[in-house]
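Novice: Residue numbers (the working numbering): 23 to 994.
Just so you know, even glycine gets a beta-carbon here, dropped at the ideal spot from N, CA and C.
Here's what the structure looks like:
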């Protein structure tokens, strides 16, 4: 005997301005670029710190190496390493000090997922310089270090990795005449020297860059050689075989200064050199083929202005982007950036920089999103110290360099000013709106926020969490940025408008599967202005979910609910606890849904009710009683309904009935439908002006008489009654384990996509460690679709402590900084999850398509992007197929018999009463899809099963343009 599924029921200069706002106005300057995208971060301290090389790492973040004087203990230069995430947020920084002086010049990825830093070291004062190799892991920890040196001085300038994992380092070595020769050293993957070669002339020669040529055809080496007049450099280019033997060399030179700073091999197998040309130089680019033919050369820059190219990168289409410096004035040097076609045509060129500082870029890389990342240094005017900079631009070389920052805090003394002891407000959203754009930032644990913005005029506001809070500056502050590299500080004091608690709760578990041990996370917060006394959470568990234990004391109420006392919950206070449970092993159909509901008390509003509200408050409950599904609609409010509201009965994917309902206080109305295995849901409208966002609805699934099949997967198509923050209902379908990384959306929508404009969406990100390493940090990044409102993002439940930020134009970033996900196959390896809810923007047009996906970053691994969830906005219940019940709409004197039902071969329709010349039969499947339409003559006809596959069908019978009867039949 098969187990039958049990039925389920769901119900810059400082100045003070009015209102206690402080503005800090920093440097202004004129910038000739377009509207900017990107960012810039400075790293360093009170001494000189510079970046020399940058990589975009596997996790789409950035690794920068250079040197710093600010962090060591010996007051010397040390190797400085920084790692950030994709947004430039610092993950870690470290320095290495193994001698008197160390500097990094290059960074290379290794085949084992680690990194090799190539640079130079002076071990002791007065000693010669050596080439320094330092291998680090992904967290910046030293694996090994090696040195290459002779009795002479050696210096590294560039490096490359070969296909076999060996490394090549180009630089220079002192010769016997105290001049320099170009040096090339090949190391194995462990840093052991394979061979070393030198190249050059009787004059000074210095190696600048090395590349590995495709097809194991050797290397190309670029350097600078003193010309015959002995005053300036020429550019030299060598083609070498795999043993370092020179096959040919070329020289670019005239009577002036030419220098190469970088070399790359293109995807099509040519060589690109970048550097400078002439004594008052322009940036210079040249292209050679592998036989040494010069294909083209180009100077880039403004006539009479000094520009230098320090680095160049190739894009996927073969175009080139270079960077370096441009001298703007006596004390103003900017980053220079230019794009060229593969044939050397200048596509654009621009400079980036603060007029009060000197900036230079030393390296550039193309990024995965089509932009560029640069590193180098900046130094303020009249200072001799630099900061390392990390710059991210878009594909046109633009960046956002203005920012608004400040603090949001509780104004405890009512003075609307920022006292030192004011309580910071964490997790509040600050909005800057202007130029047709809106930028956001979420406050951190100290109440601080930072919003990068483009040029233009903006209104900046801190958004109160709810109507209990007032802002000291409700209208916000208007700020103008006429150009770039400006900053403003705006602090926002917030105060209680109404002293009242406002509790919110979230409950969730990763997923549901038969016979599974479950762990529900319950999170709660008081987002109101007053302390909540005698607070408690009540949990209602699905009949198939058995309570096991909890991390908080509880009682069981008379109606079987689990009550968890919380005591006093202060304003802005939060907490959480776990509930362990067990899912039933039998009586479950694939895809059937189960639920856990949480309700936190007190839940009474302190706001004045809408004067138009009649005091009525409807609730819906559903039950399975033998061969009948019963719904009770009750007016639990203190007032009678002044006008009728709509109630809707949905059977699977079909609207079965729509009726008006008008109840007196405490009056109840019952709806009964046959238990034929369908999923039924009732939705009723609340009276106009009802407090909050109550959405009375209930669903019954799996209620069927013996032998009838049941439909599943329909419960989660529609939202539950948890739009109010004090209620949370976790409804999930019982299925097999999810994908290792999966994004789920609730509700999933009618026919898996259709939702109403007022429907909030809850997104759940499920994740599991499938690697052989323990994961210790994780980030989830979701760029919200344009019709989802960043102002309506609410943190949800998770089985890990996390930090959520909403920033830019609507990016949700969830960071779990102290996670411990064990390797795949570990006994305790399991799924983690994070939920958040977001509402739609006001006036979302019907037929709007909303597509969302998230990207999950595990430590420093390649990020995983989820499948896209797709929704279509439409009007509820208009998007549902409507079938009206035969008990409520029929022609007088007409009776319809459908027999035999169920049937294995055919069903006969027998219409008793008036004779009809033609009968129109429409047949729908349980998804509401029309599968057959037929016209019959006479009052009796037969529908054969060979025309339809086995299953349950809904029919609609019409005659003379009028509905006669609807119902169901089953073909076995």
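For the stretch 524-554, list the beta strand (DSSP E) runs that are entirely contained and at least 3 residues long, ordered along the chain.
Specialist: 525-530, 539-548
Novice: Which stretch, first to last residue, makes up the beta strand (DSSP E) that contains residue 899?
Specialist: Neither: residue 899 is in no beta strand (DSSP E) and is coded neither H nor E.
Novice: Does any residue of chain D have a CB that is nearer than 7 Å to the CB of residue 290?
Specialist: Absent from the structure: chain D. Only one protein chain is present.
Novice: Alpha carbons only, please: which of 134, 162, 771, 981 is nearest the one belonging to residue 785?
Specialist: 771
Novice: Thinking C-alpha only, which one of 567, 423, 354 is nearest residue 1073?
Specialist: Shown here, the chain extends from 23 to 994; a query on residue 1073 therefore has no answer.
Novice: Taking 7 Å as the threshold (C-beta atoms), are residue 144 and residue 123 in contact?
Specialist: yes
Novice: What is the DSSP secondary structure of residue 663, counted as helix, strand or coil?
Specialist: Per DSSP, reduced to three states, the secondary structure at residue 663 is coil, with no helix or strand assignment.
Novice: When the Cβ atoms of the stretch 406-423 are set against those of the stretch 389-397, are three or more pairs found closer than 8 Å?
Specialist: yes
Novice: Closest to residue 491 by CA distance: which of 534, 289, 431 is it?
Specialist: It is 431.
Novice: Relative to the C-alpha of residue 641, which residue among 614, 690, 799, 631 is closest?
Specialist: 690
Novice: Counting along the chain, where does the beta strand (DSSP E) carrying residue 682 start and finish?
Specialist: From DSSP, the beta strand (DSSP E) with residue 682 extends over 676-683.
Novice: Can you give me the Cβ contacts of residue 637 inside the same chain, cut-off strictly under 6 Å, excluding the 5 residues immediately before and after it?
Specialist: The residues are 659, 660, 661.
Novice: Could you give the DSSP three-state label for residue 512: helix, strand or coil?
Specialist: Coil at residue 512, not helix or strand.
Novice: List the residues that DSSP assigns as beta-bridge partners of residue 587.
Specialist: BP columns for residue 587 point to 558.
Novice: Just curious, the beta strand (DSSP E) that residue 750 is in, first and last residue?
Specialist: 749-755 is the span of the beta strand (DSSP E), which, as asked, contains residue 750.
Novice: Considering residue 319, what are the terminal residues of the beta strand (DSSP E) in which it resides?
Specialist: 316-322
Novice: Starting from the C-beta of residue 224, find all residues in its chain whose C-beta is less than 6 Å away, skip the five residues before and the five after it, and write them out in chain order.
Specialist: none
Novice: Between residue 754 and the rest of its own chain, which residues show a CB-CB distance below 6 Å, the 5 nearest in sequence each way excluded?
Specialist: Cβ within range, chain order: 534.
Novice: Whole angstroms are fine: how far does the CA of residue 821 sit from the CA of residue 990?
Specialist: 44 Å
Novice: Please list, in chain order, all residues of the same chain as residue 945 whose beta carbon is under 6 Å from its beta carbon, the five residues on each side excluded.
Specialist: 953, 954, 975, 977
Novice: On the criterion of 16 or more Cβ atoms from any shown chain inside 10 Å, does residue 938 qualify as buried, or is it exposed?
Specialist: buried
Novice: Are the Cβ atoms of residue 943 and residue 956 separated by less than 7 Å?
Specialist: Taking 7 Å as the Cβ cut-off, residue 943 and residue 956 qualify as a contacting pair.
Novice: Just the C-alpha distance for residue 736 and residue 891, rounded to the nearest angstrom, thanks.
Specialist: Cα to Cα, the separation comes out at about 17 Å.
Novice: Mapping DSSP to helix, strand and coil, what is residue 737?
Specialist: helix
Novice: For residue 990, which residues does DSSP report across the bridge?
Specialist: Paired residue(s): 976.
Novice: According to DSSP, simplified to helix, strand and coil, what is residue 187?
Specialist: coil
Novice: Quick one, are the C-beta atoms of residue 819 and residue 529 less than 7 Å apart?
Specialist: yes
Novice: Can you grab the Cα-Cα spacing for the pair residue 298 / residue 324, in whole Å?
Specialist: 13 Å
Novice: Going along the chain, which residues of its own chain have a beta-carbon closer than 6 Å to the beta-carbon of residue 893, five neighbours each way excluded?
Specialist: 771, 775, 777, 872
Novice: Do you know how far the Cα of residue 593 is from the Cα of residue 623?
Specialist: 14 Å
Novice: Check each candidate in 846, 877, 616 and name the one with the smallest Cα separation from residue 757.
Specialist: 616
Novice: Using a 10 Å radius around the Cβ and a threshold of 16 neighbouring Cβ atoms, would you call residue 921 buried or exposed?
Specialist: The residue in question, residue 921, is exposed, as its Cβ has fewer than 16 Cβ neighbours within 10 Å.
Novice: What are the start and end residues of each continuous beta strand (DSSP E) run of 3 or more residues lying completely inside the stretch 130-190, in chain order?
Specialist: 137-144, 151-158, 164-170, 176-183
Novice: Between the alpha carbons of residue 626 and residue 381, how many angstroms are there, rounded?
Specialist: 58 Å
Novice: Would you kindly check if the distance between the Cβ of residue 192 and the Cβ of residue 140 is under 7 Å?
Specialist: no
Novice: Check for me: the beta strand (DSSP E) holding residue 634 runs from which residue to which?
Specialist: That residue, residue 634, is in no beta strand (DSSP E); it is neither H nor E in DSSP.
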